[in-house]
Every structure is written in C-alpha cells, then in structure tokens.
Amino acid sequence: MIFAIGQIPEVPLGFMVKLKAMGTIEVDPFSLMTSRKGIFACGDVVTGTRSVVEASAMGRRAALSVGKFLGGDGL
1 MIFAIGQIPE
11 VPLGFMVKLK
21 AMGTIEVDPF
31 SLMTSRKGIF
41 ACGDVVTGTR
51 SVVEASAMGR
61 RAALSVGKFL
71 GGDGL
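Position 48 of the sequence shown, counted from 1, bears residue number 48 in UniProt numbering, the numbering being contiguous throughout.
Shown next, in the form of structure tokens:
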C-alpha cells in the first residue's frame, strides 16, 4: 500500500502507477488497485486531502481488496 499524509502525495517513480492531474494516484473505484497489478492505494494519496475518518474507511476497503487479491474471501 502507498500512504500519504498532507496535501501533496510523493509517489516514487519506481512504483510506475498512473497519476491523475492533481498528482493523486488513479485507482479502481471498487478494489482500490492501481494501474499496476498488486499495488493498492488509499487515503489522501488517492483522494487528496480528506478527513481521517474517510482515509481510515478507505484503508479498510483496501485491506479487504488485498485479502481477496491474495486468494482470501475478503474478510
């Protein structure tokens, strides 16, 4: 997972994921997987500055998606 705190995410070039115009990471809206298979992102690095509650909820969704990606049932 990629995490960002603050207003401007710093995404290392080595991650090679698609970015939106504002510099945030483009993700699938359901799984939160980036353009690079197996790399998930959540929180400010995806949405821009939002509340910690929203970032935490998105983190939970990303964790469930990672579980499914690894062959689990997402629970």
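Built from N, CA and C at the ideal position, the CB exists for glycine as well.
Just so you know, these numbers come straight off a predicted model, no measurement behind them.
Query: Pairing CB atoms from the region 14 to 28 with CB atoms from the region 49 to 56, are three or more of them under 8 Å?; Result: no
Query: So what does DSSP say about V17, is it helix, strand or coil?; Result: coil
Query: Starting from the C-beta of A21, find all residues in its chain whose C-beta is less than 6 Å away, skip the five residues before and the five after it, and write them out in chain order.; Result: none
Query: Helix, strand or coil: how does DSSP classify F69 here?; Result: helix
Query: Thinking C-beta only, is L19 closer than 8 Å to R61?; Result: no
Query: What residue does the alpha helix (DSSP H) around V27 start on, and which one ends it?; Result: It is not in any alpha helix (DSSP H) - V27 carries neither H nor E in the DSSP assignment.
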